[in-house]
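Asker:
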Amino acid sequence: MTSDQPPATDPPSARIDEFLGRATSFMAIYGASDPARLSQLAIIADHLGLTNQEYQAALQQLREPHAITPNPRAKTLPTTTPTEPAESPPSDPTSSRCVITASDPLKESFLQQARILLANTNAETPANLRKLAAKLGVDDDQLERWLEEMYGPLVIPEPIAAEEEEASEEPKEQGPPKIARKPPQEMYDDYLHLALGAISSGRINERREAKLIAEGVEKLGLSQVLARDMLYAAAAKRNYVLLSQEKVEPPAPPVVDEQREQKISAFQQRAATIIAGQGGVSSVCRAMIADAAAEFGLSPEEKEKALAALQRQAESRLSDPLEERIEAFRRFAVLKLKRTESQTVGDLLTRQLIQIGVDLHGLPEETAAATAREAIASSGLRVVTLEQAISHVLSIVDDLLAEEGFISIENRKRLLAEARQWGVSRAEAGRLIEEHIAEIELRAKRRRRRVFAAVMMSVLTLFGGLGAIYWGKPEWADFGHGAGVWSVGAAGKPVGDAADPTDDGSEAFHRLAWWSEPLMLDLVHLRQRRNDLQAATAAIAKDDPAKRGEGYAEFAPKFVEALAEDTDPKHSEQLRTIVRRLAIDEPDESAYHALLQALMKEVPAKEDKISPSGKFAQSYVALSLLVDVAQQRELAVARREGIVQGLEQRLGVVTVPAADLAAIFSDELARNQYASLQQLAESNVAQAMETHRLLQRVVRANVNKSLANNLDGDALLAILPLVPQDLKLYRGVLDEQINQRNLAVMLRLIELLESGKASGQVATELQFLLARTINVKTDGMKPTEAAIVMRSALAGIAGQGDVGEMARFFVGQAQQIDLSEQKFGSPDEWLNGSVELARISALGAAAAQKESGRRLFQSLSSDVPEQIRPTNSNAKRAASQDRLDRIREAFRQLSRARDARTRIIAYDNLAVIASGSDDMDYYHAERLVNYLLSKKLADEHEMVMRRVSDFRSSSSLRLALSDHLEETVMPLSELQRLATEIVGRQVLLNDKLTWKEDLRRVLLSDSLPLLQTDTNVAGEDVSGESLEQAAAGILDYYLIQAEIAGVPYEQRMTLRTPSEALTAIIRLQADQLAAAKLSPELQVQLEDVTLRSRVVPLIAHNDLAKTVALQRIWLELSAIAAVRAQPNSRLAAEELIARLREVDGGSNNIFQQLRNGEAALVRMQLIRMEA
2 MTSDQPPATD PPSARIDEFL GRATSFMAIY GASDPARLSQ LAIIADHLGL TNQEYQAALQ
62 QLREPHAITP NPRAKTLPTT TPTEPAESPP SDPTSSRCVI TASDPLKESF LQQARILLAN
122 TNAETPANLR KLAAKLGVDD DQLERWLEEM YGPLVIPEPI AAEEEEASEE PKEQGPPKIA
182 RKPPQEMYDD YLHLALGAIS SGRINERREA KLIAEGVEKL GLSQVLARDM LYAAAAKRNY
242 VLLSQEKVEP PAPPVVDEQR EQKISAFQQR AATIIAGQGG VSSVCRAMIA DAAAEFGLSP
302 EEKEKALAAL QRQAESRLSD PLEERIEAFR RFAVLKLKRT ESQTVGDLLT RQLIQIGVDL
362 HGLPEETAAA TAREAIASSG LRVVTLEQAI SHVLSIVDDL LAEEGFISIE NRKRLLAEAR
422 QWGVSRAEAG RLIEEHIAEI ELRAKRRRRR VFAAVMMSVL TLFGGLGAIY WGKPEWADFG
482 HGAGVWSVGA AGKPVGDAAD PTDDGSEAFH RLAWWSEPLM LDLVHLRQRR NDLQAATAAI
542 AKDDPAKRGE GYAEFAPKFV EALAEDTDPK HSEQLRTIVR RLAIDEPDES AYHALLQALM
602 KEVPAKEDKI SPSGKFAQSY VALSLLVDVA QQRELAVARR EGIVQGLEQR LGVVTVPAAD
662 LAAIFSDELA RNQYASLQQL AESNVAQAME THRLLQRVVR ANVNKSLANN LDGDALLAIL
722 PLVPQDLKLY RGVLDEQINQ RNLAVMLRLI ELLESGKASG QVATELQFLL ARTINVKTDG
782 MKPTEAAIVM RSALAGIAGQ GDVGEMARFF VGQAQQIDLS EQKFGSPDEW LNGSVELARI
842 SALGAAAAQK ESGRRLFQSL SSDVPEQIRP TNSNAKRAAS QDRLDRIREA FRQLSRARDA
902 RTRIIAYDNL AVIASGSDDM DYYHAERLVN YLLSKKLADE HEMVMRRVSD FRSSSSLRLA
962 LSDHLEETVM PLSELQRLAT EIVGRQVLLN DKLTWKEDLR RVLLSDSLPL LQTDTNVAGE
1022 DVSGESLEQA AAGILDYYLI QAEIAGVPYE QRMTLRTPSE ALTAIIRLQA DQLAAAKLSP
1082 ELQVQLEDVT LRSRVVPLIA HNDLAKTVAL QRIWLELSAI AAVRAQPNSR LAAEELIARL
1142 REVDGGSNNI FQQLRNGEAA LVRMQLIRME A
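Numbering (my numbering), first residue to last: 2 to 1172.
1) Straight-line CA distance for S783 to M1165?
2) Kindly confirm or deny that the segment 580-595 and the segment 658-670 touch, where touching means at least three C-beta pairs closer than 8 Å.
3) Rounded to the nearest angstrom, what separates I1176 and M971 at their Cα positions?
4) Do you know how far the Cα of W423 is from the Cα of A46?
5) Check this for me: beta carbons of V630 and A584, under 8 Å apart or not?
6) By Cβ distance, which residues of its chain are closer than 8 Å to V425, with the 5 residues on each side in sequence left out?
7) Mind pulling the alpha helix (DSSP H) runs of 4 or more residues that sit fully within the segment 408-460?
8) Nearest-angstrom Cα distance between L299 and T969?
9) When the distance is taken between beta carbons, is T1108 closer than 8 Å to L1155?
10) By how many angstroms is the C-alpha of V561 removed from the C-alpha of P570?
11) Output yes if chain D places a C-beta closer than 8 Å to the C-beta of A46; else output no.
12) Given that a residue counts as buried once 16 or more other Cβ atoms are within 10 Å of its Cβ, and exposed if not, what is S935?
13) Suppose you measure from the CA of L958 to the CA of E890; what does that come to, to the nearest Å?
14) Would you decide whether E1061 is buried or exposed? Buried here means 16 or more other CB atoms lie within 10 Å of its CB.
15) Please list the terminal residues of the continuous alpha helix (DSSP H) segment that includes F769.
16) Who are the near neighbours of A606 in its chain, counting only those whose CB is closer than 6 Å to its CB and skipping five residues on each side?
17) Using a Cβ-Cβ cutoff of less than 6 Å, which residues in the same chain neighbour G1034 once the five nearest sequence positions on both sides are dropped?
18) To the nearest whole angstrom, what separates the beta carbons of I1114 and V1144, a pair I think is in contact under 8 Å?
19) Use the C-beta contact count for N705: other C-beta atoms within 10 angstroms, 16 or more gives buried, fewer gives exposed.
20) Quick one: any contact between the segment 716-724 and the segment 622-641, if contact means 3 or more CB pairs under 8 Å?
21) Where does R204 fall in DSSP's three states?
22) Who are the near neighbours of D18 in its chain, counting only those whose CB is closer than 8 Å to its CB and skipping five residues on each side?
23) From this set, I775, V763, Q762, which residue's C-alpha is nearest L748's C-alpha?
24) Whole angstroms are fine: how far does the CA of L144 sit from the CA of L155?
25) Whole angstroms is fine: what's the gap from R1095's alpha carbon to F892's?
26) Output the boundary residues of the alpha helix (DSSP H) element that contains V359.
27) What are the boundary residues of the alpha helix (DSSP H) that includes H526?
28) Hey, quick one: how far does the alpha helix (DSSP H) through H942 stretch, first residue to last?
29) Identify which residue in L662, Y731, A663 has its Cα closest to the Cα of L696.
30) Note down the Cα distance separating A75 from V139, rounded to an integer number of angstroms.
31) Give the range of the alpha helix (DSSP H) segment to which Q868 is assigned.
32) At the level of alpha carbons, what is the spacing between F1152 and L636?
33) What's the gap between the Cα of R116 and the Cα of L195?
34) Tell me, to the nearest whole angstrom, how far the beta carbon of V604 is from that of L624; I am working on the premise that it is less than 8 Å.
35) Should Y56 go down as buried or exposed, given a rule of 16 or more other Cβ atoms within 10 Å for buried?
36) With H, G and I counted as helix, E and B as strand and the rest as coil, what does DSSP make of L243?
What follows is the structure, encoded as structure tokens:
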């Protein structure tokens, strides 16, 4: 009696129920078709303490044919598709029994085994019965007779093909009740309970472990990871030992030097910080790690062991059983999706994948759903929701009904197959199709009743109107019959049935077969109301699709023009309805495309030129018609996609499925028109003024106010400087823009006035209009002086108004700021720009505080930073630019050389140019290294080695050579010689195993001092007084930002440099974010930024370089705060940071980097405010 055996006091029914539960799981795993397995059931019974009588009673319950009941009899054995799991037999003791008595041993043996097979009914049961009959020597007649004795007349069918089974429309009888199958994990738990109970040693070797796992994988479909974890859990519960998990006892640790271990641990922390700060292992990172190892006094071997241990620590943190299951399920899902032939994933397949993740991989439902979505996204498939699939299927139904008028059997099969492919079950699809057809028929009946009522009213109106006929008979009285007896000739006399050769074709209008009653009535009413459209409507009333397509080309422009002129909403909606029905119901594709192209031509393309004669209103009307048609649910999917793609190509914009098409296309059309307007201003300012005057009203009626204001402001700034004298009619446009009191536009106009680009008369009128609106007196002032007064007054208006005025004032300045990619410029200009941008950034921070920041906002808005006096540095910059151009030309000559002599000439020229300078960038240094390490003839090699010392000042050459040591084939002695010439001191490479690491360490340690001094190169021509003045100005504005951020007053008073102020702000903001609830992704970003902020003092050796590096840290912290507050700002923040990195990568001027850092901080303030 084992511990698992129930106590003797348990009633027999409890022991029998326990046995039945375990036996059911056992038979589901191993199958019920093999009688040899019955001996193992006896072992289970003995283990539970069943008597022989109880065991026989339990077997009798297992043998009962619960899967098939005698009455009613099934015509065929119930079968399931091979892809569905087999159902376990029911074990209800109250089910009806069918007692069979027979004296024939063969018959008894067959019936006993057949009952077991039938109890586990599945798709293989008929074949298994035939195999059993053949094994026992039972012929077909005996098989059929014995089965009829058990269950009545029974037919064992041949396997039915899946296609034939789906095509069968006959209703099937309800199958017999089945036992509820246990979940696979519960069945595997039962199996492990039995299997481990039979192991008395308490130890599981690797072979048995693999077999136990295989049972769950192969017979229950569990994932290997889940089966392994369940086995480990079951073994741990019983305190069993898994030999594969036993760990060899490590030897006694050697005696170590604790002080040495502390140094190694400190070095590992420093190395981890350096790697995190550099974003990975790079040349500079390796040099810094080598310096750190030298600082701690570690040998090369100790350094490598410490780094290897650091890497193992990182890898050891990645082991997680749940992660392994997720990864296993992800691989399964990706493999499953690769086998699908469709490019879409329906709702049914998605739910199946999620259920497999729950049942067979042991994942929580939310985790399984997220993993399934990731697998679908990585496979490049399109997810189709149930609503989209239903809409797609019903749109096909609409198309078939429009073409044929009914759904044939073949089309029904196609619809069900299409629905299945899109993830809708056959039963659900059939029900939806029937309901949709019934709804269509109901609408048709209602429409016929309405038409009948309308016809009756028309007949009554006709008889009433015959008495008041004038000008001949109304056209609608005999439409569809051509020219009738009531036709009136040119002289006003009837001409009978003879055709009038001068007729314009309007009488040819008649109803087409595919026109619906409402469409026909709308067209008739339109012809009555608009005589000018009679010819156009007659042109589309053609039975020939080709002629109808030509008619659409004539119809569309006139129709769009009529819709643009019509001011009656009821008439406008009638016109739009006509276009909708024509686009939806047009049966011929070529005619439809003619209609589509005719409407598309009314929308200006992106490259089209603009002119005063442009039909601006018609453009937006045609665009709205196309968007309206595309949004109709009845329109075929292919036609809808064709309209959207056509507009995207024509306007040069890309949309997403859930986008507001009307807003996106209208905004892009307006941007295209204003861009063309600015190009027109450069060639003909008079036409540009007239065009802008006509365009602005149309644009304001069709796009949002903010975009219209910005576009008009851009147009004003482009046109006003080019106006020669009088504004004339354009003065009204300028006056209207200023009277709207848009602070952003007014600020830009003040900047235009201050720049002096506007002519005398234009500047005078602009000054007058601005002064009147701002309510300041500027009589007798020069435009530049008036601009200063007006800017101060405008800032006062913003500061005294509501908090929205402050924000709009800052936005007006911030929107004009961008990163500068100019390679050369005066350092004093960069410094002046940096100070001004720091002021604007502080202004934005104050505006963001709303009412509490009003005092600081008023102070900052009227503050004008003192300009830094320029220094004479043009000669040096010109020389540096000339040298760079000459270096590039020398490399072009070297790459074009095809023989040794010309290569030596080009190489000597390059050496002369680069001698004594560090102007060579990494790209060209790599090209030089490739040439130096390439195979050459002995003479050429000697000539090259003689001039290598000319490149000794290049730090990029050292870095490039250290990165290309792995691929070199140069002899070690020559490589040692080359390194000696580059470094300028003797380099010895004695160890043939570690020479690469030794040489790399020498090159990187030699290049690091040069890299640290690069930041001073750009400032050699700037006076110390200019740097101090710029630092003081920036510090003032940083202190204001520190006050807004919450840095204590006592701490602010101790800050003496911009870098110290930035450090205080960064530390405070990082602490605030660390205390907040961040998403895991943002938490990782915060930790990375915090680590890099600690590395800055190690790599920056002056306050200017430190300030530039800390600007980037502050920018990324601000981005984290912005995304935490408004997740929709993530994309804009990431694009700004990536843009700054790109511009920094192309700049070696630290003053430009300082200015761009401030510009990026201003743009980040703008992103946070707009979000």
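We put the CB at the ideal spot given by N, CA and C, even for glycine.
Answerer: Looking at the coordinates:
1) Per the sequence shown, residue 783 should be read as Lys rather than Ser. Rounded to the nearest angstrom, the two C-alpha atoms are 36 Å apart.
2) no
3) With the chain running from 2 to 1172 in the structure shown, residue 1176 is simply not present.
4) A direct Cα-to-Cα measurement between A46 and W423 gives close to 50 Å.
5) yes
6) So the qualifying residues of the chain are G347, D348, L349, L387, A390, I391, V394, L433.
7) Runs of the alpha helix (DSSP H) spanning 4 or more residues and lying entirely within the segment 408-460 occur at 410-422, in chain order.
8) 29 Å
9) yes
10) Roughly 15 Å between the two C-alpha positions.
11) Among the protein chains of the structure shown there is no chain D, as only one such chain exists.
12) exposed
13) 18 Å
14) So E1061 ends up on the buried side.
15) DSSP places F769 in the uninterrupted alpha helix (DSSP H) bounded by 761-775.
16) R651
17) V836, P866
18) Rounded, the Cβ-Cβ distance is 17 Å, inconsistent with contact.
19) Counting C-beta atoms within 10 angstroms of its own C-beta, N705 has fewer than 16 neighbours from the protein chains shown and is therefore classed as exposed.
20) The segment 716-724 is not in contact with the segment 622-641.
21) strand
22) none
23) I775
24) Annotation note: pLDDT 43 at L155 (below 50); position unreliable, coordinate value reported separately. L155 and L144: Cα-Cα distance of roughly 10 Å.
25) 40 Å
26) 348-360
27) 518-530
28) 939-947
29) The shortest C-alpha separation from L696 is found at Y731.
30) Any reading at A75 is ruled out, since the residue's pLDDT is 36, under 50, leaving its predicted position unreliable.
31) Secondary structure note for Q868: it is in no alpha helix (DSSP H), with a DSSP letter that is neither H nor E.
32) One C-alpha to the other measures close to 59 Å.
33) 25 Å
34) 5 Å
35) buried
36) strand
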